[in-house]
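First to last, the sequence lines map onto chains F and X.
The first sequence maps to residues 22 to 195 in the numbering used here.
The second sequence maps to residues 22 to 195 in the numbering used here.
Virtual Cβ for every residue (Gly too), placed ideally from N, Cα, C.
One structure is given here, and the rest of the page talks about it.
2 protein chains.
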Amino acid sequence: MADVISPGGKLAANPIFLRDEDLRQGIELLFYAYRDFTSEPDAILAKLGLGRAHHRAIYFVGRHAGITVSELLAILKITKQSLSRVLSQLVQEGYIQQRPGKRDRRQRLLELTEKGKELERQLTRTQRERIARAYREAGAEAVAGYRKVLLGLIDETERRKILAHLDGSAKASG
Amino acid sequence: MADVISPGGKLAANPIFLRDEDLRQGIELLFYAYRDFTSEPDAILAKLGLGRAHHRAIYFVGRHAGITVSELLAILKITKQSLSRVLSQLVQEGYIQQRPGKRDRRQRLLELTEKGKELERQLTRTQRERIARAYREAGAEAVAGYRKVLLGLIDETERRKILAHLDGSAKASG
DNA sequence: GAAATTACGTCAGCCATGTTGACATATTAC
DNA sequence: GTAATATGTCAACATGGCTGACGTAATTTC
Numbered sequence: 022m023a024d025v026i027s028p029g030g031k032l033a034a035n036p037i038f039l040r041d042e043d044l045r046q047g048i049e050l051l052f053y054a055y056r057d058f059t060s061e062p063d064a065i066l067a068k069l070g071l072g073r074a075h076h077r078a079i080y081f082v083g084r085h086a087g088i089t090v091s092e093l094l095a096i097l098k099i100t101k102q103s104l105s106r107v108l109s110q111l112v113q114e115g116y117i118q119q120r121p122g123k124r125d126r127r128q129r130l131l132e133l134t135e136k137g138k139e140l141e142r143q144l145t146r147t148q149r150e151r152i153a154r155a156y157r158e159a160g161a162e163a164v165a166g167y168r169k170v171l172l173g174l175i176d177e178t179e180r181r182k183i184l185a186h187l188d189g190s191a192k193a194s195g
Numbered sequence: 022m023a024d025v026i027s028p029g030g031k032l033a034a035n036p037i038f039l040r041d042e043d044l045r046q047g048i049e050l051l052f053y054a055y056r057d058f059t060s061e062p063d064a065i066l067a068k069l070g071l072g073r074a075h076h077r078a079i080y081f082v083g084r085h086a087g088i089t090v091s092e093l094l095a096i097l098k099i100t101k102q103s104l105s106r107v108l109s110q111l112v113q114e115g116y117i118q119q120r121p122g123k124r125d126r127r128q129r130l131l132e133l134t135e136k137g138k139e140l141e142r143q144l145t146r147t148q149r150e151r152i153a154r155a156y157r158e159a160g161a162e163a164v165a166g167y168r169k170v171l172l173g174l175i176d177e178t179e180r181r182k183i184l185a186h187l188d189g190s191a192k193a194s195g
């Protein structure tokens, strides 16, 4: 009962890594990794009176300078009201600045201020170091597998957008 | 500027997958995967008036039948007050039952009721299917890499406990 | 050029889930 | 018998989701 899930007896012929036990391991690893991955930035943010939601906003604005509010909403998948709370605080405290869109002046293009970049670096450093260590210890092949599986966990509709992001982001500077 | 992070110029000699761009990709994949991974169970839970915190409790109690409150706290890394709220609701609504520890009668060993098991199956099914599909599409080698890297992301102190969990859980039934 | 749509913002209130701090009760350990 | 441990509880607070309603400016459509 612990090794094969068989509501239809159908998975019996599947590869060994699809046993119920292994799938649960996959679930738990994701939980534990996420739990610890967020803990360091959370501690830094707490001292500044900010939270994880601020981190996410800062991160993606830093990543995609000049991003619009709608685009950011599509990434975070939260309501505009939730984002607004976070964003207006970040603007008010000088981490993010807005400028009207050139082609479409309704848009408020978002970018980090120097202060924002500073915080972004500080927050991301801990996570980058953590990832770098894990990558280094696991090796190139494992990294490829990590990417492949995580990408497969993402909703299909989203996957394309993200792939475009990831590939295109090197040139999308400024 | 986009391909090598060099505050000390030190990372230049490192393998290709340690470029800033790749590390950020690793960060983002984790964010996106987690975001989508939790969305389906969240929707089910919402209909029952429960939340993600309930899911976590149910999941780990199901996984480790007879777990103590302290052990559960150590896994979730939240305060006992936070857990208590969730747990007492789950007990009251008949998803979880408690029995005093045999050796130590201060302990309240936790286990799922039939109703709890039912819900656990329902919640975990969506995630298990998601993982299974991703695993299948990525292949055995990628799965090994996924595990390796995620394990590397976990705090060192925790890693051992978790490894013990993961290995030992097949025999820890009832 | 008027009307509809879009991008964004805001007010108000609700809920889930995390936190701290203080205190209570059983049980076990020394 | 006293101290420590396992658990629970009350109260108050913060964060960050949510819904619903409404407002403004700019763009698009006809």
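Next item on the list: Can you grab the Cα-Cα spacing for the pair X/Leu144 / F/Thr89, in whole Å?
Entry: What you label residue 144 of chain X is simply residue 123 of the second sequence in a count that begins at 1. What you label residue 89 of chain F is simply residue 68 of the first sequence in a count that begins at 1. Going by the C-alpha atoms only, they are around 35 Å apart.
Notebook entry, point to check: From F/Ala161 to X/Phe38, what does the alpha carbon distance come to, in whole angstroms?
Noted result: By 1-based counting over the first sequence, the position of residue 161 of chain F is 140. By 1-based counting over the second sequence, the position of residue 38 of chain X is 17. Going by the C-alpha atoms only, they are around 7 Å apart.
Notebook entry, point to check: Which first and last residues belong to the beta strand (DSSP E) in which X/Leu133 is found?
Noted result: Against the second sequence, residue 133 of chain X aligns to sequence position 112. Note, X/Leu133: beta strand (DSSP E), Arg129 to Leu133.
Checklist line | Interface partners of F/Ile175 on chain X, CB under 7 Å | finding: Mapped onto the first sequence, residue 175 of chain F falls at position 154. Chain X residues near F/Ile175: Tyr53, Ala54 and Asp57.
Note to self: I'd like to know whether the C-beta of F/Lys101 is nearer than 7 Å to at least one C-beta of chain X.
What the structure shows: Numbered from 1 along the first sequence, position 80 holds the residue referred to as residue 101 of chain F. Answer no: the Cβ-Cβ gap between F/Lys101 and chain X never drops below 7 Å.
Next item on the list: Run the CB neighbour count on F/Gln102, radius 10 Å, all protein chains shown included, and call it buried at 16 or more, exposed below.
Entry: By 1-based counting over the first sequence, the position of residue 102 of chain F is 81. Exposed, because fewer than 16 other Cβ atoms sit within 10 Å of the Cβ of F/Gln102.
Notebook entry, point to check: To which residues does DSSP link X/Ile88 through a beta bridge?
Noted result: As a position in the second sequence, residue 88 of chain X is number 67, starting the count at 1. Note: X/Ile88 sits in a beta bridge opposite X/Leu131.
Check: Start and end of the beta strand (DSSP E) containing F/Pro121?
Finding: Counted from its first residue, the first sequence places residue 121 of chain F at position 100. Its beta strand (DSSP E) spans residues Ile117 to Pro121.
Notebook entry, point to check: Nearest-angstrom Cα distance between F/Ala165 and X/Glu114?
Noted result: For the purposes of this step, residue 165 of chain F is identified with residue 144 of the first sequence, where counting begins at 1. For the purposes of this step, residue 114 of chain X is identified with residue 93 of the second sequence, where counting begins at 1. Cα-Cα distance, rounded: 44 Å.
Margin query: I need the straight-line Cα distance from F/Tyr55 to X/Leu172, nearest angstrom please.
Written below: Here the question's residue 55 of chain F lines up with position 34 in the first sequence. Here the question's residue 172 of chain X lines up with position 151 in the second sequence. Rounded to whole angstroms, F/Tyr55 to X/Leu172 spans 11 Å at the Cα level.
Check: Can you tell me where the alpha helix (DSSP H) with F/Lys98 in it begins and where it stops?
Finding: Working through the first sequence from its first residue, we reach residue 98 of chain F at position 77. Element bounds for F/Lys98: n/a, residue is neither H nor E.
Check: Excluding five sequence neighbours on each side, which residues of the same chain lie with their C-beta closer than 8 Å to the C-beta of X/Glu135?
Finding: In the second sequence, the residue the question calls residue 135 of chain X occupies position 114. Excluding residues within five positions, none has a Cβ falling inside 8 Å.
Checklist line | Minimum C-alpha distance to F/Val170 - residue among X/Leu174, X/Phe58, X/Ala159 and X/Arg180 | finding: Sequence index remark: in the first sequence, residue 170 of chain F carries index 149 (1-based). Here the closest residue by C-alpha is X/Ala159.
Note to self: Considering Cα atoms alone, identify which of F/Arg40, F/Leu50 and F/Lys123 is closest to X/Leu174.
What the structure shows: Here residue 174 of chain X refers to the residue found at position 153 of the second sequence. The shortest Cα separation from X/Leu174 among F/Arg40, F/Leu50 and F/Lys123 belongs to F/Leu50.
Check: Helix or strand or just coil, what does DSSP make of X/Thr59?
Finding: Counting from 1 along the second sequence, the entry for residue 59 of chain X is found at position 38. Here X/Thr59 sits in coil by DSSP.
Checklist line | For X/Gly47 and F/Ile152, believed in contact at Cβ under 8 Å, the rounded distance | finding: Taking the first sequence and counting its residues from 1, one reaches residue 152 of chain F at position 131. Taking the second sequence and counting its residues from 1, one reaches residue 47 of chain X at position 26. That pair is a contact at about 5 Å.
Check: Going by the beta-carbon positions, is the gap between F/Leu130 and F/Gly83 smaller than 7 Å?
Finding: Your numbering for residue 130 of chain F matches position 109 in the first sequence. Your numbering for residue 83 of chain F matches position 62 in the first sequence. No, they are not a contact pair.
Margin query: Can you confirm whether F/Gln143, when its beta carbon is compared against all beta carbons of chain X, has any partner nearer than 7 Å?
Written below: Here the question's residue 143 of chain F lines up with position 122 in the first sequence. By this cut-off, F/Gln143 is not an interface position.
Check: On the three-state DSSP scale, how would you describe X/Leu71?
Finding: Position 50 of the second sequence holds residue 71 of chain X. Three-state result, X/Leu71: coil.
Item checked: CA-to-CA distance, X/Arg77 to X/Leu97, given in whole angstroms -> Counted from its first residue, the second sequence places residue 97 of chain X at position 76. Counted from its first residue, the second sequence places residue 77 of chain X at position 56. Looking at the two C-alpha atoms, the distance is approximately 8 Å.
Check: Secondary structure at F/Arg126, three-state DSSP: helix, strand or coil?
Finding: Counting from one through the first sequence, the residue named residue 126 of chain F turns up at place 105. Three-state result, F/Arg126: coil.
Item checked: Residue-chain proximity (X/Lys31, chain F), Cβ-Cβ < 7 Å -> Position 10 of the second sequence holds residue 31 of chain X. Because the pLDDT at X/Lys31 is just 49, under 50, the model does not fix this residue reliably, and the value given afterwards should be weighed accordingly. It does not; no Cβ of chain F falls within 7 Å.
Margin query: Buried or exposed for X/Asp125, going by 16 or more other Cβ atoms inside 10 Å?
Written below: As a first step, residue 125 of chain X must be located in the second sequence, where it is residue number 104. By the 10 Å Cβ count, X/Asp125 comes out exposed.
Margin query: Let me confirm a value: X/Leu184 is counted as buried when at least 16 other C-beta atoms fall within 10 Å, else exposed. Which label applies?
Written below: Within the second sequence, the letter at position 163 stands for residue 184 of chain X. Exposed, since its Cβ has fewer than 16 Cβ neighbours within 10 Å.
Note to self: Let's see if you can read the secondary structure: which residues bound the alpha helix (DSSP H) around X/Leu171?
What the structure shows: Taking the second sequence and counting its residues from 1, one reaches residue 171 of chain X at position 150. Element bounds for X/Leu171: Ala161 to Leu174.
Next item on the list: Starting from X/Lys98, find everything on chain F with Cβ-Cβ shorter than 9 Å and list it in chain order.
Entry: Working through the second sequence from its first residue, we reach residue 98 of chain X at position 77. Those within 9 Å of X/Lys98 in chain F are Arg56, Asp57 and Ser60.
Notebook entry, point to check: Taking buried to mean at least 16 other C-beta atoms within 10 Å of its own C-beta, is X/Arg16 buried or exposed?
Noted result: The structure shown does not extend to residue 16 of chain X, since chain X is modelled only from 22 through 195, so no value can be given for it.
Check: Relative to the alpha-carbon of X/Asp43, which residue among F/Glu177, F/Glu150, F/Arg180 and F/Leu94 has its alpha-carbon at the smallest distance?
Finding: As a position in the second sequence, residue 43 of chain X is number 22, starting the count at 1. The option with the nearest alpha carbon to X/Asp43 is F/Glu150.
Check: Cβ of F/Asp57 within 7 Å of Cβ of X/Asp57?
Finding: As a first step, residue 57 of chain F must be located in the first sequence, where it is residue number 36. As a first step, residue 57 of chain X must be located in the second sequence, where it is residue number 36. Not a contact, by the Cβ cut-off of 7 Å.
Item checked: Cα-Cα separation between X/Arg120 and X/Thr178, rounded to whole angstroms -> Residue mapping note: residue 120 of chain X aligns to position 99 of the second sequence, counting from 1. Residue mapping note: residue 178 of chain X aligns to position 157 of the second sequence, counting from 1. C-alpha separation (whole angstroms): 30 Å.
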